[in-house]
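Read left to right, the sequence shown gives residues 56 to 297 (our numbering).
Backbone N, C-alpha and C define an ideal beta-carbon position, used for all residues, glycine too.
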Amino acid sequence: MSGRSALVLVGMSAREVDAHDRLLAAVAPYGGSVAFLQMGDPALHRELTRLTDAGAERITLVGASLGTLAPATSWLRRIASHWWRERPEHDRPVVEVATAMMRNDLDLDLVLDVTRPIAGTEAPLSSAAWEAVPGHRHQVFVCRGPRCTALGSDRTAEALSQELRRRGRGDDDVLVTQTGCQFPCNHGPVVSVQPDDVWYAAVDPDVVPLLVDQHLVHDRPLDSHRLPRHRRVAPNQEKAHD
Ligand code: FES
56 MSGRSALVLV
66 GMSAREVDAH
76 DRLLAAVAPY
86 GGSVAFLQMG
96 DPALHRELTR
106 LTDAGAERIT
116 LVGASLGTLA
126 PATSWLRRIA
136 SHWWRERPEH
146 DRPVVEVATA
156 MMRNDLDLDL
166 VLDVTRPIAG
176 TEAPLSSAAW
186 EAVPGHRHQV
196 FVCRGPRCTA
206 LGSDRTAEAL
216 SQELRRRGRG
226 DDDVLVTQTG
236 CQFPCNHGPV
246 VSVQPDDVWY
256 AAVDPDVVPL
266 LVDQHLVHDR
276 PLDSHRLPRH
286 RRVAPNQEKA
296 HD
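As structure tokens, this is what we get:
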């Protein structure tokens, strides 16, 4: 990209945050930059602001997705559209979302013939469907801190989502959330299940089917990978025990 045009490769999920340097290398031949839809820096809206303030008149966004957990490209349009609507009218660049050929190794093969400019009429960030706290029975927190990620928790998160889907459990039953460090790093990949307050160690993808079957489907926590948990008593309860 040149002149007043800019290209941004946008990581769509936590998986691409880990691959930040590879994304940068992939977009470097095009003079582009990298941003993230979630969890990574810079966030997409900040990169759009930076480029626009630097004089970009046309910004092309390409979604990058290495795994199966990324949201649909429509979310790229939605977030970009929100930013675009908030920007003063006299100072808006053309923002377009392109589809690009991207091989697994992130060797980018850009074919930007399918580009659609943001019109500002895309769906907003809010929706009536996202008003209430969801009623899921379990929330599973998969640690994506540095140590657990190095031990493969990206695959654990992916395996969990796939196994839950295979067992017919949706977000209304079990909500999978990726987190920063949960602290018992020596036992990575760490997974905790709430509200049961059960913590698991070394949850590799091959442990996932058993964990899903026993704990999340049949409500019987798995003893084999369970970590001891000593929960502090609230100060007012301590006094009651004195
Ligand atoms: S990195 Fe996972 S518990 Fe610390």
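- Verify whether the separation of the beta carbon atoms of Ala195 and Leu230 is less than 9 Å. As a working note, residue 195 is residue 140 in the sequence shown. As a working note, residue 230 is residue 175 in the sequence shown. The amino acid at residue 195 is misidentified as Ala; the sequence shows Val. Closer than 9 Å, so yes.
- Query: Does ligand 2 have even one heavy atom less than 8 Å from the beta-carbon of Val245?
  - Reply: With respect to small molecules bound, the structure shown includes ligand 1 and not ligand 2.
- Message: Can you tell me whether Trp254 is buried or exposed? The criterion is at least 16 other CB atoms within 10 Å of its CB, across all chains shown.
- Response: In the sequence shown, counting from the first residue as 1, residue 254 sits at position 199. Taking all protein chains shown into account, Trp254 has 16 or more neighbouring C-beta atoms within 10 Å of its C-beta and is therefore buried.
- Task: Return the residue from the list Thr115, Thr211, Trp139, Phe91 that minimises the CA-CA distance to Ser68.
- Result: Start at 1 with the first residue of the sequence shown, and residue 68 comes out as number 13. Per the Cα distances, Phe91.
- Between the CA atoms of Asp146 and Trp139 - distance to the nearest angstrom: As a first step, residue 139 is located in the sequence shown; it is residue number 84 there, counting from the start. As a first step, residue 146 is located in the sequence shown; it is residue number 91 there, counting from the start. The alpha-carbon atoms of Trp139 and Asp146 are separated by roughly 10 Å.
- Message: When you measure from the CB of Thr128 to every non-hydrogen atom of ligand 1, does any distance come out below 8 Å?
- Response: Taking the first residue of the sequence shown as position 1, residue 128 is located at position 73. No; taking the cut-off as 8 Å, the Cβ of Thr128 has no heavy atom of ligand 1 nearer than that.
- Using the Cα positions of Met94 and Val72, report the straight-line distance between them to the nearest angstrom. To locate residue 94, count along the sequence shown from 1; it is residue 39. To locate residue 72, count along the sequence shown from 1; it is residue 17. Computed Cα separation, rounded: 7 Å.
- Just the C-alpha distance for His280 and Ala184, rounded to the nearest angstrom, thanks. To locate residue 280, count along the sequence shown from 1; it is residue 225. To locate residue 184, count along the sequence shown from 1; it is residue 129. Rounded to the nearest angstrom, the two C-alpha atoms are 36 Å apart.
- For Gln269, the three-state DSSP class (helix, strand or coil): Position 214 of the sequence shown holds residue 269. Gln269: helix per DSSP, three-state reduction.
- CA-CA distance, Pro244 and Arg171? Locating residue 244 in the sequence shown gives position 189, where the first residue counts as 1. Locating residue 171 in the sequence shown gives position 116, where the first residue counts as 1. Whole-angstrom Cα-Cα distance: 40 Å.
- Apart from the five residues on each side of it in sequence, which residues of its chain come closer than 7 Å, Cβ to Cβ, to Arg275? For the purposes of this step, residue 275 is taken as residue 220 along the sequence shown, with counting starting at 1. Cβ-Cβ distances below 7 Å link Arg275 to Gln269 in the same chain, with the five nearest sequence neighbours on each side left out; the list follows chain order.
- Task: With a cut-off of 8 Å on the beta carbons, I'd call Leu121 and Arg70 a contact; round off their distance for me.
- Result: Here residue 121 corresponds to residue number 66 of the sequence shown, with the count starting at 1. Here residue 70 corresponds to residue number 15 of the sequence shown, with the count starting at 1. At roughly 5 Å, the Cβ-Cβ gap stays under 8 Å, so Leu121 and Arg70 are in contact.
- Leaving out five residues on either side along the sequence, give the residues of the same chain with a beta carbon under 6 Å from the beta carbon of Pro189. Position 134 of the sequence shown holds residue 189. Excluding sequence neighbours, Pro189 sits near nothing in its chain.
- Query: Do the CB positions of Ile173 and Glu151 come within less than 9 Å of each other?
  - Reply: The residue you call residue 173 lines up with position 118 of the sequence shown. The residue you call residue 151 lines up with position 96 of the sequence shown. The answer is yes: Cβ separation under 9 Å.
- Query: Considering only C-alpha positions, which residue in the set Val288, Ala98, Val258 is nearest to Gly207?
  - Reply: Within the sequence shown, numbered from 1, the residue matching residue 207 stands at position 152. Comparing Cα positions, the closest option is Val258.
- What number of angstroms, rounded off, separates the C-alpha of Leu79 from the C-alpha of Val288? On the sequence shown, residue 79 is found 24 positions in, with the first residue counted as 1. On the sequence shown, residue 288 is found 233 positions in, with the first residue counted as 1. Here the C-alpha atom of Leu79 lies approximately 47 Å from the C-alpha atom of Val288.
- Query: Beta carbon of Phe196: closer than 8 Å to some heavy atom of ligand 1?
  - Reply: The residue given as residue 196 occupies position 141 in the sequence shown. No, Cβ of Phe196 sits at least 8 Å from all heavy atoms of ligand 1.
- Message: Please determine whether the Cβ atom of Arg281 lies at a distance below 8 Å from any heavy atom of ligand 1.
- Response: Translated into positions along the sequence shown, residue 281 becomes position 226. Distance from the C-beta of Arg281 to the nearest heavy atom of ligand 1 is not below 8 Å.
- Item | Pro290 - DSSP class collapsed to helix/strand/coil | The count along the sequence shown starts at 1 and reaches residue 290 at position 235. If DSSP states are grouped into helix, strand and coil, Pro290 belongs with the helices.
- Task: For Ala109, count neighbouring C-beta atoms within 10 Å of its own C-beta (all shown protein chains included) and say buried if the count is 16 or more, exposed if not.
- Result: Start at 1 with the first residue of the sequence shown, and residue 109 comes out as number 54. With fewer than 16 other Cβ atoms within 10 Å, it is exposed.
- Status (buried if at least 16 other CB within 10 Å, exposed otherwise) for Leu64: Taking the sequence shown and counting its residues from 1, the one referred to as residue 64 is at position 9. With 16 or more other Cβ atoms within 10 Å, it is buried.
- Message: Quick check on this structure: which residue in Gly225, Asp278, His193, Arg77 has the alpha carbon closest to the alpha carbon of Pro250?
- Response: One-based indexing of the sequence shown puts residue 250 at position 195. Among Gly225, Asp278, His193, Arg77, the Cα nearest to that of Pro250 is on His193.
- Message: Can you look up Thr128 in the DSSP assignment and give me helix, strand or coil?
- Response: Residue 128 sits at position 73 when you count from the first residue of the sequence shown. For Thr128, the three-state secondary structure derived from DSSP is coil.
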